[in-house]
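Position in the sequence shown (from 1) plus 4 gives the number in our numbering. C-beta atoms are modelled at their ideal positions from N, C-alpha and C, and glycine is treated no differently.
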Amino acid sequence: MELFHHGTNFAGGWRIGDAMSVRVLGIESSCDETGVALVQTRSGQVPQLLGQALYSQIQMHQAYGGVVPELASRDHIRRVLPLTQQVLQDTQLQLHDIDVFAFTRGPGLAGALLVGAGVACGLAAALVKPVLGVHHLEGHLLSPFLSADPPEFPFVALLVSGGHTQLMRVQDVGHYELLGETVDDAAGEAFDKSAKLLGLDYPGGAALSKLAEKGDPKAFKLPRPLLHSRDLDFSFAGLKTAVLTQVQKAGNEQSMSNDAEQESFRCNLAASTQAAIVEVLIKKSLLALEQTGLKRLVVAGGVGANRVLREQLQHNCAARGIRVHYPELHLCTDNGAMIALAAAMRIEAGVESPQVDYNFEVKPRWPLQTLSKEAFN
Ligand code: KG4
Ligand code: ZN
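So this is what it looks like as structure tokens:
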């Protein structure tokens, strides 16, 4: 039975017909951003982003100093259908023009994930279209394929977000080998916790880096745990303790008589914190490139937006003949485009077939490297 005007349905599975293009709607709702986007596959080329819409809940969570899971889920419910309608309006398409409904299956907040999963599966069931659950981090690491300078496989990926810090060897779509990861806090978490100690709103990564622009990165000697270990693991938990110690020391000494001195202390501590995080990220990324012998690095996740990280990576990698690829700046943080893209690339690569069975499940904890084993045709 021909169910889809773009694709072909067969024996409970689903595959793209020869040279046919597929439109994939992607829904991201793993944390505090609701993202919806539509991509279209193009034979032999990276799928094209047709349109996207995003709503960030950050302002709502700021009052609490971090993401409140229950509030996040409720807000995803409020936003997801209007955002879907907006994408359809912008692209002048209708629901029945969508061939596959993709959603973030995990990792993330269980209640938040269930919203995207429920909506994607509900729409797909109503329209008798297939669905595909996507790994959030796969979305991040494939997102540079939507940039003007897309990478080629294989490459090393540095995934640096609020919840994850990992180095992966990416052989191809769906084939990911974990090279190293944080043993405690993620890099984004280190930025956010230090920012909070400096009196900045959640999530403070971008604000901390703004403050750091006026500071001296050498003003404070902060720890760089595991910097010299020959493995590819990271540890950032000690950093926030060191930042806290400096903040407390400054408070106890009451040595800062005026606002200018206080401001200079904050800027210097922000710059020193950023320098410590960036130095470790760069050292380990270079080590991963050296150990794998690969000459391409992809940096993805929210911390990938950090300007100093980008500049120093560029400098260090250019000297070694290594190309560094990033997602477009607006696709560094969570969005629906990367979810639609990852689904489209998995389908095109034949790594996974979308399903016409709507018994969805979400995976709040889901190691990325297990995807290679879970891949099926
Ligand atoms: O990938 P993302 O949007 O969400 C997660 O999946 O976690 O990353 C958010 C993280 C936050 O910790 C935020 O502070 C950090 O990325 N971030 C930055 C910058 N922009 C966002 N960290 C440092 N410098 C930035 N410019
Ligand atoms: Zn993310």
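Outcome for residue i when other beta-carbon atoms lying within 10 angstroms are tallied against a minimum of 16
i: residue 140; result: buried
i: residue 16; result: Only weak support exists for where residue 16 lies, its pLDDT of 44 falling under 50; the coordinates are left without a value.
i: residue 351; result: buried
i: residue 108; result: buried
i: residue 206; result: buried
i: residue 121; result: buried
i: residue 338; result: buried
i: residue 297; result: exposed
i: residue 84; result: buried
i: residue 233; result: exposed
i: residue 56; result: buried
i: residue 106; result: buried
i: residue 180; result: buried
i: residue 309; result: buried
i: residue 334; result: exposed
i: residue 9; result: Confidence is the limiting factor: at residue 9 the pLDDT is only 42, short of 50, which leaves the residue's position unreliable and the question unanswerable from this model.
i: residue 356; result: buried
i: residue 323; result: exposed
i: residue 168; result: buried
i: residue 23; result: Legend: pLDDT at residue 23 = 47, less than 50; position of this residue unreliable, value from coordinates given subsequently. Exposed is the call here.
i: residue 68; result: exposed
i: residue 253; result: exposed
i: residue 222; result: exposed
i: residue 37; result: buried
i: residue 294; result: exposed
Nearest-angstrom beta carbon gap, residue j and residue i [assumed within contact, 8 Å]
i: residue 58; j: residue 39; result: 5 Å
i: residue 162; j: residue 285; result: 7 Å
i: residue 157; j: residue 175; result: 6 Å
i: residue 332; j: residue 60; result: Not a contact, Cβ separation roughly 16 Å.
i: residue 182; j: residue 373; result: 4 Å
i: residue 366; j: residue 118; result: 6 Å
i: residue 216; j: residue 278; result: 5 Å
i: residue 155; j: residue 303; result: With 8 Å as the limit, residue 155 and residue 303 do not qualify as a contact, their Cβ atoms being about 10 Å apart.
i: residue 238; j: residue 276; result: Their Cβ separation, rounded to whole angstroms, is 18 Å, which puts residue 238 and residue 276 out of contact at 8 Å.
i: residue 362; j: residue 132; result: Not really, about 10 Å apart at Cβ, beyond 8 Å.
i: residue 349; j: residue 51; result: 7 Å
i: residue 208; j: residue 229; result: Not a contact, Cβ separation roughly 21 Å.
Near the ligand FMN: residue i beta-carbon under 6 Å from a heavy atom
i: residue 338; result: In the structure on display, the ligand FMN does not appear, and the ligands it does have are the ligand KG4 and the ligand ZN.
Short Cβ contact (7 Å threshold) for residue i with residue j
i: residue 54; j: residue 95; result: yes
i: residue 130; j: residue 164; result: no
i: residue 110; j: residue 343; result: no
i: residue 247; j: residue 198; result: yes
i: residue 358; j: residue 104; result: yes
i: residue 231; j: residue 250; result: no
i: residue 144; j: residue 305; result: yes
i: residue 292; j: residue 187; result: no
i: residue 185; j: residue 346; result: no
i: residue 45; j: residue 77; result: no
i: residue 364; j: residue 35; result: no
i: residue 288; j: residue 236; result: yes
i: residue 299; j: residue 326; result: yes
i: residue 200; j: residue 271; result: no
i: residue 368; j: residue 114; result: yes
i: residue 321; j: residue 312; result: no
i: residue 33; j: residue 65; result: no
i: residue 189; j: residue 240; result: yes
i: residue 27; j: residue 102; result: yes
i: residue 42; j: residue 72; result: no
Query raised in the report: Which whole runs of the beta strand (DSSP E) in the stretch 271-342 are 3 residues long or more, in chain order?
Result: Within the stretch 271-342, the runs of beta strand (DSSP E) that reach at least 3 residues and sit entirely inside it are, in chain order, 300-304 and 327-329.
Query raised in the report: If you scan the stretch 346-377 from start to end, which runs of the alpha helix (DSSP H) of 4 or more residues do you find wholly inside it?
Result: none
**Report entry** Inside the stretch 83-153 only - alpha helix (DSSP H) runs reaching at least 4 residues
**Finding:** Fully enclosed alpha helix (DSSP H) runs of no fewer than 4 residues occupy 114-131 and 140-146 of the stretch 83-153, in order along the chain.
Query raised in the report: Which runs of the alpha helix (DSSP H) fall wholly inside the stretch 188-257 and span at least 4 residues, in chain order?
Result: Contiguous alpha helix (DSSP H) elements confined to the stretch 188-257 occur at 191-201, 209-216 and 241-257, taking only those with 4 or more residues.
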